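Participant: One structure, pasted below without further comment.
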Amino acid sequence: MRRQPILMFIPNSSWRLPLLLVVASFFLWMVSTSHVSQHSFIQAAPIKYRLSTIAGVFSPTSKADGPVSTTQLDVPFFVVEAPNGDLYMTERFKIRKISNGNVITVAGDGLRGYSGDGGSALMASINLPGGMTWLPFTNELLFADTGNNVLRMIDSKGIISTVGGLSSGIGGFNGDGSILRNTQLSNPEKLIFRNNTLYIADKLNLRIRKVSFQPVTGFLNQTVSTVAGNGKNTSTGNEEGIPAILASIDTPYEMAFDSTNGDMYIADYGHNTIRKVSSGIITTVAGGGVTYQNNVLATLTTLDLPQSVAVSVSGEIFIADCCTIRKISKDGMITTIAGKRGSVGLSPDQSIDATNALLNSPQSLFINKNGEIVFSDHYNSLIRKLIPYCPTGTVMSPDGTICLEYCYGILQNMTNVCSGNGVCSSNNTCQCSNGYFGSQCQFYTCFGTNSSDANVCSKHGTCMGFNNCTCQEGWTGNECSIPVCIPVLGGTNQTVVCSNKVISGTSMYFEQIGSVNNLDSKNISLSSGDGTTNTRVQVIFPPSISKELLPYLNDTSVSLMASIYQQQNFTNSALRSPLISITVLNTTSGDEFSVQRLNNPISLIIPSRNLQDVLNPNLTCVYYDVTDNSWKQEGVSTIRNEGALSFTCLTNHLTTFGVIDVNYKKASRQDDTHQTTNAMDSNTIIAIVVGITGSVLLLGLIAAIIIWVISIYVKVKRRKNRQQASP
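Take UniProt numbering: the final residue in the sequence shown is number 727, and no numbers are missing along the way.
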């Protein structure tokens with residue numbers, strides 16, 4: 001049986017707004033705490049790095065070519081990986097490579113100078129060579145002869161030539177717009193090819209410049225332009241978010257690109273910052289703080305003369321400054337991963353955390369395919385790498401950014417860790433999502449009640465998961481608190497009784513709507529077979545029904561319950577259609593909302609079995625009023641759809657729309673005096689009834705009144721006559 005409708009109290013306007021603010025604040029707090037509890041970040045262990053030497057020795061020995069374990073290097077500047085996997089490094093007056101465990105010279109005679117174009121690169125003089133890269137299509141080596149202010153190339157035959165900068169070797173700036181060979185450079189350092197474009201860190205010109213490269217003609221006829229830097233090393237004001245070519249950068253040694261989005265990062269050495277150029281706009285991503293800090297946003301710390309920057313495929317940024325190597329994680333937080341701030345020195349290889357080691361001007365970072373950070377330990381004359389590792393009991397994530405913990409044998413990032421109901425915040429420590437508990441989050445609640453509690457799901461169901469009740473027969477709703485009531489015909493076919501289960505010829509529809517706004521223009525279909533046919537009824541809510549219901553419902557979460565009953569035999573039945581019940585409920589309590597006299601009616605489209613019924617003027621839409629167990633027409637109108645062979649009942653009643661009976665044939669007078677036992681305690685049931693039934697009842701009532709009036713008149717007349725006859 002239905003519960004009584006809820007009576008809503010609406011506060012007066014003087015304190016309605018404060019109340020709404022309180023309710024809104026509480027709602028936001030609930031949302032925020034729920035979000036945190038269910039989607040907390042995994043508190044994984046940070047990745048650590050250990051130091052390993054690739055080439056060079058700790059004590060001075062021979063500088064001649066030889067095995068990496070015995071050959072002394074000459075303060076290497078840059079180290080890069082060739083397309084074939086060999087490592088190339090630039091020293092003071094040479095370029096050498098590390099191949100198959102040996103150090104081999106590829107350019108430079110070991111003397112400072114600028115000579116040798118057109119001849120063997122081994123016989124040429126070079127001066128403090130810087131960055132290196134390989135030309136597209138030919139894989140010929142291009143390097144910055146930094147001390148000579150030119151770019152030089154070594155072809156596949158080992159012949160060296162100058163391809164950029166002035167032949168005089170004099171540094172300076174003669175503007176953009178010239179071809180590379182006629183463009184004056186000043187201490188060019190890092191070189192990068194990206195999308196057939198060469199990028200140059202023109203260090204002492206305080207610019208990052210570029211020039212295109214064509215497959216056949218190379219740099220011929222391609223002009224140089226600036227992409228970042230205005231040639232000044234001091235800013236004139238706030239330079240955040242301005243075009244990069246208008247910003248000042250100071251002595252840029254290196255730049256790097258994010259392979260995923262093309263953003264360029266610049267080691268702004270003189271400004272102690274890392275700058276980012278995205279779509280031509282420059283911003284600061286690290287440095288600019290007041291003190292040197294770790295585990296803070298990178299923009300809140302200071303940097304110490306950063307010379308190198310690299311970006312991993314996962315988007316982490318690595319920086320080499322005076323004495324340390326630092327990492328900016330994807331959330332913008334910075335930490336030191338090797339070296340000690342303010343301390344220089346030489347530390348041997350270690351199997352422990354590299355933050356305990358001493359470095360001496362690390363430079364030229366790059367990240368190899370194994371996720372190792374290769375760099376030049378410049379003044380220690382070593383080529384070294386940082387090998388990432390995870391503490392015992394953890395494992396590295398697939399993207400190499402964190403160390404994942406285990407919770408009870410299941411890896412931290414697996415979907416089934418903590419029973420799939422929480423996050424593994426540390427080793428064997430589960431942080432459960434809202435509604436779950438237990439060491440492995442294996443237990444759950446249904447609407448605040450433990451699943452094993454006898455009172456769970458209102459004692460009428462089983463808690464199958466968090467807030468997931470499976471109801472017993474006869475009950476429905478999220479918490480199984482709403483008794484099922486499917487209106488069906490009683491014994492006389494004119495009374496309506498409540499069935500608490502789905503029986504033959506019936507079906508039930510239940511949906512949690514949430515906001516009443518979701519009822520606007522809602523369209524549902526109800527169908528049920530009677531054994532030989534299948535009847536489908538359509539219910540359409542008006543587009544503005546929420547505006548009419550809001551004064552009654554406020555922000556209450558609502559549910560919609562509807563049912564259909566198809567009688568199996570129409571032969572002796574007064575009703576000529578299925579009964580349809582539609583009810584709007586409070587989702588939490590299951591109480592029914594009672595609203596009448598809607599300005600815009602609800603439409604119920606009910607098919608007819610034949611055209612004769614549609615055209616029959618005695619068939620009309622009515623509702624069943626349980627207060628006196630009678631069929632009524634008030635607030636219900638009928639539209640006959642001859643082409644579609646259907647009736648459209650327009651009802652202004654929302655209160656337990658009840659049952660709609662189209663094609664209500666003329667009933668006998670015996671049927672009009674039906675019994676009403678076991679009738680539903682709903683407010684209204686809509687149906688189609690024979691119009692003459694009401695007329696007969698009305699005529700009977702009028703006749704009774706006339707007879708009563710006449711009898712009273714006769715009595716009064718007789719009394720008056722007796723009084724006149726008395727002496």
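Cβ atoms here follow ideal geometry from the backbone N, Cα and C, with glycine treated the same way.
Given the structure is predicted, the values throughout are model-derived calculations rather than measurements.
#1: Report the residue ranges of all alpha helix (DSSP H) runs contained in full by the stretch 583–649; include only those spanning at least 4 residues, in chain order.
#2: Consult DSSP for Y436 and reduce its assignment to one of helix, strand or coil.
#3: Take T53 and list the residues in its own chain whose beta-carbon comes closer than 6 Å to its own, dropping the five residues that flank it on each side.
#4: Return the Cβ separation of G241 and I281 in integer angstroms, given the expectation that the two are a contact with Cβ distance under 8 Å.
#5: Can you tell which of G289, V309, S278 and T71 has the C-alpha that lies nearest to the C-alpha of A267?
#6: Just tell me which of T620, N428, S235 and V150 has its CA closest to the CA of D202.
#7: Do you know how far the Cα of D304 is from the Cα of S426?
#8: Give the straight-line distance between the Cα atoms of S312 and S527, rounded to the nearest whole angstrom.
#9: Would you kindly work out how many angstroms separate the C-alpha atoms of N195 and S186, rounded to a whole number?
#10: Going by other Cβ atoms of all chains shown within 10 Å of its Cβ, with 16 needed for buried, is Q412 buried or exposed?
#11: Could you give the DSSP three-state label for C323: helix, strand or coil?
#12: Skipping 5 residues on each side, what residues in its chain have a beta carbon closer than 6 Å to that of F366?
#13: Measuring alpha carbon to alpha carbon, tell me which of G169, E548, T392 and Y199 ends up nearest V224.
#14: Inspect the CB distances between the stretch 102–117 and the stretch 154–163 and report whether three or more fall short of 8 Å.
#15: To the nearest angstrom, how far is the alpha carbon of I47 from that of C403?
#16: For R384, which of helix, strand or coil comes out of DSSP?
#17: Using C-beta distances below 8 Å, list every residue in its chain close to K63, excluding the 5 sequence neighbours before and after it, in chain order.
#18: Using only CA atoms, which one of P136, P188, L180 and A228 lies nearest to P128?
#19: Alpha carbons only, please: which of G435, N629 and V211 is nearest the one belonging to R181?
#20: Suppose you measure from the CA of W708 to the CA of K632; what does that come to, to the nearest Å?
#21: According to DSSP, is P483 part of a helix, a strand, or is it coil?
#22: Inspect the CB distances between the stretch 327–346 and the stretch 289–297 and report whether three or more fall short of 8 Å.
#23: Let me check understanding here. Comparing Cα to Cα, which of I482, N238 and S646 lies closest to R536?
#24: Nearer than 7 Å: is that true of the beta carbon of V423 relative to any heavy atom of the ligand NAD?
#25: Cα separation between S259 and N368?
#26: Let me make sure I understand the geometry here. Which of G119, G169 and Y114 has the alpha-carbon closest to that of R92?
#27: Jot down the residue ranges of each uninterrupted beta strand (DSSP E) in the stretch 417–466, minimum 3 residues, whole runs only, in chain order.
#28: Output the residue ranges of the beta strand (DSSP E) runs that lie fully inside the stretch 248–304 and measure 3 residues or longer, sorted by chain position.
#29: Going by C-alpha to C-alpha distance, which of S594, L579 and S577 sits closest to L585?
#30: Run through DSSP, which three-state label would G218 get?
#31: How many Å lie between D377 and Y408 at the Cα?
#32: What's the gap between the Cα of F213 and the Cα of Q440?
#33: Any idea which residues DSSP pairs T133 with across the strands?
#34: Return the first residue and the last residue of the alpha helix (DSSP H) that K210 is part of.
#35: What is the DSSP secondary structure of F26, counted as helix, strand or coil?
#36: Cβ atoms of Y265 and M255: under 8 Å apart, would you say?
Facilitator: Walking through what the data contain:
#1: Here the runs fully enclosed are 611–615.
#2: To locate residue 436, count along the sequence shown from 1; it is residue 436. Per DSSP, reduced to three states, the secondary structure at Y436 is strand.
#3: The residue labelled residue 53 in the question sits at position 53 within the sequence shown. Its chain contains D349, L382 and R384 as the residues whose beta carbon lies nearer than 6 Å to that of T53, once the 5 sequence neighbours on both sides are disregarded; these appear in chain order.
#4: Here the question's residue 241 lines up with position 241 in the sequence shown. Here the question's residue 281 lines up with position 281 in the sequence shown. Indeed, because the Cβ distance is near 6 Å, the residues count as touching under 8 Å.
#5: Numbered from its first residue, the sequence shown carries residue 267 at position 267. When each option's Cα is compared against that of A267, the closest is V309.
#6: Along the sequence shown, one-based indexing puts residue 202 at 202. Taking only the C-alpha atoms, the option nearest D202 is V150.
#7: Position 426 of the sequence shown holds residue 426. Position 304 of the sequence shown holds residue 304. Between S426 and D304, the C-alpha separation is close to 34 Å.
#8: The sequence position of residue 312 within the sequence shown is 312, counting from 1. The sequence position of residue 527 within the sequence shown is 527, counting from 1. Straight across, the Cα-Cα distance linking S312 with S527 is about 59 Å.
#9: Counting from one through the sequence shown, the residue named residue 195 turns up at place 195. Counting from one through the sequence shown, the residue named residue 186 turns up at place 186. So the two alpha carbons sit approximately 24 Å from each other.
#10: Taking the first residue of the sequence shown as position 1, residue 412 is located at position 412. That one is buried.
#11: Taking the first residue of the sequence shown as 1, we reach residue 323 at position 323. DSSP places C323 in coil when its eight states are reduced to three.
#12: As a working note, residue 366 is residue 366 in the sequence shown. A310 and V374.
#13: Here residue 224 refers to the residue found at position 224 when the sequence shown is read from its first residue. The residue with the shortest Cα to Cα distance from V224 is Y199.
#14: The stretch 102–117 is in contact with the stretch 154–163.
#15: Mapped onto the sequence shown, residue 47 falls at position 47. Mapped onto the sequence shown, residue 403 falls at position 403. For I47 and C403, the distance between alpha carbons rounds to 6 Å.
#16: Within the sequence shown, the letter at position 384 stands for residue 384. The answer is strand: DSSP assigns R384 an E or B state.
#17: Translated into positions along the sequence shown, residue 63 becomes position 63. Here the set comprises T71, Q72, L73 and D74.
#18: As a working mapping, residue 128 is identified with position 128 in the sequence shown. Position check: residue 128 holds Leu in this sequence, whereas Pro was assumed. Nearest C-alpha to L128: P188.
#19: Position 181 of the sequence shown holds residue 181. Measuring C-alpha to C-alpha distances from R181 to each of G435, N629 and V211 identifies V211 as the nearest.
#20: As a working note, residue 708 is residue 708 in the sequence shown. As a working note, residue 632 is residue 632 in the sequence shown. Distance between the alpha carbons of W708 and K632 is about 26 Å.
#21: Reading the sequence shown from its first residue, position 483 is the one you call residue 483. Here P483 sits in strand by DSSP.
#22: In this structure the stretch 327–346 lies against the stretch 289–297, because at least three pairs of beta carbons, one per stretch, are closer than 8 Å.
#23: Locating residue 536 in the sequence shown gives position 536, where the first residue counts as 1. Considering only alpha carbons, the answer is S646.
#24: Ligands displayed in this structure: none; no statement on the ligand NAD is therefore possible.
#25: The sequence position of residue 259 within the sequence shown is 259, counting from 1. The sequence position of residue 368 within the sequence shown is 368, counting from 1. If I take the Cα positions, the gap works out to 14 Å.
#26: Translated into the one-based positions of the sequence shown, residue 92 becomes position 92. R92 has its Cα closest to that of Y114, out of G119, G169 and Y114.
#27: Scanning the stretch 417–466 for uninterrupted beta strand (DSSP E) segments of 3 residues or longer gives 422–426, 429–432, 443–446 and 461–465, listed from N- to C-terminal end.
#28: Complete beta strand (DSSP E) runs here, min 3: 252–257, 264–268, 273–278 and 281–287.
#29: Residue numbering aside, residue 585 sits at position 585 when the sequence shown is read from its first letter. The shortest C-alpha separation from L585 is found at S594.
#30: Taking the first residue of the sequence shown as position 1, residue 218 is located at position 218. G218: strand per DSSP, three-state reduction.
#31: Translated into the one-based positions of the sequence shown, residue 377 becomes position 377. Translated into the one-based positions of the sequence shown, residue 408 becomes position 408. Those two C-alpha atoms are separated by around 42 Å.
#32: Translated into positions along the sequence shown, residue 213 becomes position 213. Translated into positions along the sequence shown, residue 440 becomes position 440. Spanning the alpha carbons of F213 and Q440 requires a straight line of approximately 59 Å.
#33: Locating residue 133 in the sequence shown gives position 133, where the first residue counts as 1. Note: T133 sits in a beta bridge opposite L142.
#34: For the purposes of this step, residue 210 is taken as residue 210 along the sequence shown, with counting starting at 1. Premise fails: K210 lies in the beta strand (DSSP E), R207 to S212, not in any alpha helix (DSSP H).
#35: By one-based count along the sequence shown, residue 26 stands at place 26. Confidence in F26 is poor, its pLDDT being 39 and thus under 50, which makes the residue's placement too unreliable to answer from.
#36: The sequence position of residue 255 within the sequence shown is 255, counting from 1. The sequence position of residue 265 within the sequence shown is 265, counting from 1. Yes. Within cutoff.
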